[in-house]
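Okay, so here's the structure we're looking at.
Residue numbers (my numbering), protein chains in the order written: chain A, 331 to 968; chain B, 323 to 684.
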């Protein structure tokens, strides 16, 4: 090599070496970066790697069925298709929703529910956008599915009430979880769930019916499609529930009310099992399952008969004459009355000594002399004014509280009202006023401050029917596990003995039997089942009455008195106790008693007999000409 | 028989062959996993290797003198083709890079990757270090025209690589340091101007590099997924065939440009160390060949090609690890694909040619 060549060679050599060193530095730089990613940030990337591919999908539990005591379905679940969105997989949500709306109709309410639910749920959870897609809508979406990553059609279960409006207040309904519900539930229990029981049995037994959500861990690829299931924690389905209710009784009670607003409570006096629990008018709980639409809601809200009012649980009204058998027992228990030896003379009115004010009997001409049996049978007000005054308000209060008046019955439904059983302490607290003697008087006939619910009346009737035991009304009978079949009978507090003596109870029983066989409710006498009962009227407003007590100006239905009737049957060894209120029905015997009779006959006789009674009710409501029976029954206010 | 094989294989350098075969193994393993167990992919890659090695064998049979003689022809031809592409070229994927000649279509820029260093090596082989101004400028001219044409296609990645190969020759031939520094400074200073001339997508790539999270599902997706795959590999990797990111479609281009991410996920830091060591060994071997050669042309060409090879590796791995913007540069000898394999095998052949034609001084 020549000298110049050699110099080039040396330059070359040096530069090669230098460049190789730079190369090594670059290699070190790469290794450093890789070390950073794979050692220092390993946990971070490892987590991301897992998160990329693993998604948690909640598995909603199937809600428990609700059955009547004979196993007939009152509430079940049905499958339908829902359109759902997983928010974290959707890039441009507003645009996606807009475009979806062009393919499938989505109402404004569905959208607002959707936006509300998004806030509540975690980003990987599916949010329902629209429910009950029909086959066409499912197809319309399926064709465009690739345009909507993160949007899916799923088969889901929704709640279905096969009997529509029957037992609507009893069952309640299931609706979408709203902000109010969120304040009182544990969100972990409701992951993957959109529905919660809102009233009635659905709400009271929500925890048992709901079950527990499960989780599915799925591996997804970069398109969000599930590649395979990894782990699965199955959902625990809700327990099925058998009620004490008899659907037949429920249906006949509703039919017997025949469109008139009111309530019917029927229970077994031995153990408090509720056989029928009716509040009319009702509603179709199916309307609420997906969120009720505005039109229907407006209809329910504006209906003057207030279909959303639960009358057996929250309807309070003065019990009127239906209180009399219980007042009689109180008087017997306090020795104000001594058996049938005590009698009171009724001339049509009662006066407090030193006062000119007249407390009228409904029969202005008076009943004459009546003992306790006659007073109950003919519903003589003067008798009860007299004995109540003799008892005094405190003893009146004490004894009547044994029947459960003024307290909630403790039934296994929520929102029960306690009514009012008045006494001076209560009045002082409530009105800051002293008690007046006249208030004692009218308390004795179930007016004044007295307020009770149909449920309380039925419970009190049961005390008389079963010989002095205060039972715990309940509608839940059994729960059973759909997976294991294991049953669990629900336990309720045992009946409590009241201090009334057997002989006194027997006397009052006799009196109530006399009401039907020869008193104010003879219109329901006859028939295969002997019934004992008591008629009553709850005053709505002060109405002018004529000499025999018949109300005047009563052409306006809204001013007419409420009709009440309590009953038990059969007279010997009672098996059912009933309380009926027909709002603005006017007369307890004509309006309310036949309803009780129809229910009793359905339970104790058979369908044919009760159908006849039902027919008679319907005919009497739409008479061409007044029939003989309706004229004789229109005897006046009880 | 064995004598015949020995004679045939004499021109192939044992060290390089071993290293290439090891890389081949890594490639086939990674491809098999990343393709989800697709044997067809593996078979096709083996065929490409076979073809490539044949090409290398053919080129190894040439002498450096041949190469030097053909350099201008190759350069001129490639230049013409580049012009033809600019005028007649088929636009594919938004870029005009391909020439369609009926059954065959190819990228002239691939030819230029070899032609330019060959041309420059030939030119500077005659010239002494340190280089004079004139020769530097001429070299820059020889470099600039094809680079500009390629950049116009637009193909920034290949243009930069061609320029790099050229710069290596310039450097090793003895370009004065001041000039070198000056040029580097000029390039750095003109960055804003360059930015202005850049296409949107090219700018986007740089922005994405700096903050991949800005558009995680769009522009940043490649980088983010690639880093997740690499990072989750840890020290030892998830194991062969266990790479969840690649298996579940999370890494786009995992068989081609981003194959390193699939490799890193499964073989971890340790596997990467081995891989880099293999590449460095190839570069080292190439440099040794260059130094032991006594012909200026040969040694300039061999050294420049060796260093350029590493630059490919650096750019590809840097891109997948989020150090450099995304440019379409495959990982040498590992990525799935034909064109780059041929070019690389020719480079290999050149190295072997230099090796086998050296004159041993006794």
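Where is the CB? At the ideal position from N, CA and C, for every residue including glycine.
At the level of alpha carbons, what is the spacing between residue i and residue j?
i	j	result
residue 451 of chain B	residue 444 of chain B	14 Å
residue 355 of chain B	residue 668 of chain B	28 Å
residue 664 of chain A	residue 633 of chain A	47 Å
residue 673 of chain B	residue 608 of chain B	6 Å
residue 535 of chain A	residue 926 of chain A	29 Å
residue 580 of chain A	residue 609 of chain A	10 Å
residue 306 of chain B	residue 327 of chain B	Limits of chain B in this structure are 323 at one end and 684 at the other, which puts residue 306 of chain B out of reach.
residue 879 of chain A	residue 594 of chain A	Because the pLDDT of residue 879 of chain A is 47, which lies under 50, any placement of that residue in the model is unreliable, and the number read from its coordinates should be weighed accordingly. Each residue's alpha carbon lies about 27 Å from the other.
residue 502 of chain A	residue 558 of chain A	40 Å
residue 719 of chain A	residue 792 of chain A	26 Å
residue 468 of chain B	residue 482 of chain A	53 Å
residue 900 of chain A	residue 859 of chain A	6 Å
residue 681 of chain B	residue 675 of chain B	12 Å
residue 435 of chain A	residue 424 of chain A	15 Å
residue 329 of chain B	residue 661 of chain B	29 Å
residue 479 of chain B	residue 436 of chain B	15 Å
residue 789 of chain A	residue 683 of chain A	36 Å
residue 849 of chain A	residue 733 of chain A	24 Å
residue 344 of chain A	residue 597 of chain B	27 Å
residue 475 of chain A	residue 560 of chain A	25 Å
residue 817 of chain A	residue 748 of chain A	33 Å
residue 778 of chain A	residue 448 of chain A	52 Å
residue 511 of chain A	residue 520 of chain A	11 Å
residue 458 of chain A	residue 743 of chain A	30 Å
By the DSSP assignment, the alpha helix (DSSP H) with residue i in it spans what residues?
i	result
residue 662 of chain A	654 to 663
residue 616 of chain A	616 to 619
residue 319 of chain A	What is shown of chain A runs 331 to 968, which leaves residue 319 of chain A out entirely.
residue 512 of chain B	Segment: none, residue 512 of chain B is in no alpha helix (DSSP H) and carries neither H nor E.
residue 669 of chain B	661 to 678
residue 431 of chain B	430 to 447
residue 767 of chain A	767 to 773
residue 859 of chain A	Careful: residue 859 of chain A lies outside any alpha helix (DSSP H) and carries neither H nor E.
residue 470 of chain B	455 to 473
residue 448 of chain A	438 to 450
What residues match up with residue i in a beta bridge as DSSP calls it?
i	result
residue 397 of chain B	Note: residue 397 of chain B sits in no beta bridge, so no partner.
residue 570 of chain A	A:810
residue 866 of chain A	A:894
residue 561 of chain A	A:547
residue 413 of chain A	A:460 and A:483
residue 681 of chain A	A:688
residue 647 of chain A	A:782
residue 906 of chain A	A:899
residue 489 of chain A	A:407
residue 628 of chain B	None; residue 628 of chain B has no bridge partner.
residue 676 of chain A	A:698
residue 582 of chain A	DSSP output for residue 582 of chain A lists no bridge partner at all.
Roughly how far, in whole angstroms, is the beta-carbon of residue i from the beta-carbon of residue j, given that I think they are within contact range, below 8 Å?
i	j	result
residue 554 of chain B	residue 580 of chain B	About 15 Å; that fails the 8 Å criterion.
residue 511 of chain B	residue 346 of chain A	Going by Cβ atoms, the distance from residue 511 of chain B to residue 346 of chain A rounds to 29 Å, so no, they are not a contact pair.
residue 494 of chain A	residue 404 of chain A	Not really, about 11 Å apart at Cβ, beyond 8 Å.
residue 971 of chain A	residue 565 of chain A	Nothing can be reported for residue 971 of chain A, as the shown portion of chain A is limited to 331 through 968.
residue 567 of chain A	residue 397 of chain A	15 Å between Cβ atoms; not a contact.
residue 341 of chain B	residue 631 of chain B	So it is not a contact: roughly 11 Å between Cβ atoms.
From which residue to which residue does the beta strand (DSSP E) around residue i run?
i	result
residue 701 of chain A	698 to 701
residue 388 of chain A	384 to 389
residue 554 of chain B	Here residue 554 of chain B belongs to no beta strand (DSSP E), and DSSP marks it neither H nor E.
residue 505 of chain A	504 to 506
Nearer than 7 Å: is that true of the beta carbon of residue i relative to any heavy atom of the ligand MN?
i	result
residue 654 of chain A	In the structure on display, the ligand MN does not appear, and there are no ligands present to speak of.
Exercise for review: May I ask you to list, following chain order, the residues of the region 403 to 436 of chain A that have a beta carbon less than 7 Å from some beta carbon of chain B?
Suggested key: The region 403 to 436 of chain A vs chain B, Cβ under 7 Å: 421.
Exercise for review: Compile a chain-ordered list of the residues in the region 641 to 669 of chain B whose CB is closer than 8 Å to at least one CB of chain A.
Suggested key: Cβ contacts with chain A: 643, 644 and 645.
Point to revise | Interface positions of the region 346 to 366 of chain A facing chain B (Cβ-Cβ less than 8 Å), listed along the chain | key: Under the 8 Å Cβ criterion, the region 346 to 366 of chain A contributes 346, 349, 350, 353, 354, 356, 357, 359, 360, 361, 363, 364 and 365.
Review point. In chain order, what residues of the region 629 to 640 of chain B put their CB closer than 7 Å to some CB of chain A?
Key: Against chain A - using a Cβ distance shorter than 7 Å - the residues of the region 629 to 640 of chain B are 629, 632, 636, 639 and 640.
Review point. For the region 550 to 563 of chain B, which residues have a CB atom closer than 8 Å to at least one CB atom of chain A, in sequence order?
Key: Listed by position, the residues of the region 550 to 563 of chain B near chain A (Cβ gap below 8 Å) are 550, 551, 552, 553, 554, 555, 556 and 557.
Review point. Which residues, taken in chain order from the region 495 to 506 of chain B, show a beta carbon closer than 7 Å to some beta carbon of chain A?
Key: Of all residues in the region 495 to 506 of chain B, 496 have a Cβ within less than 7 Å of some Cβ in chain A.
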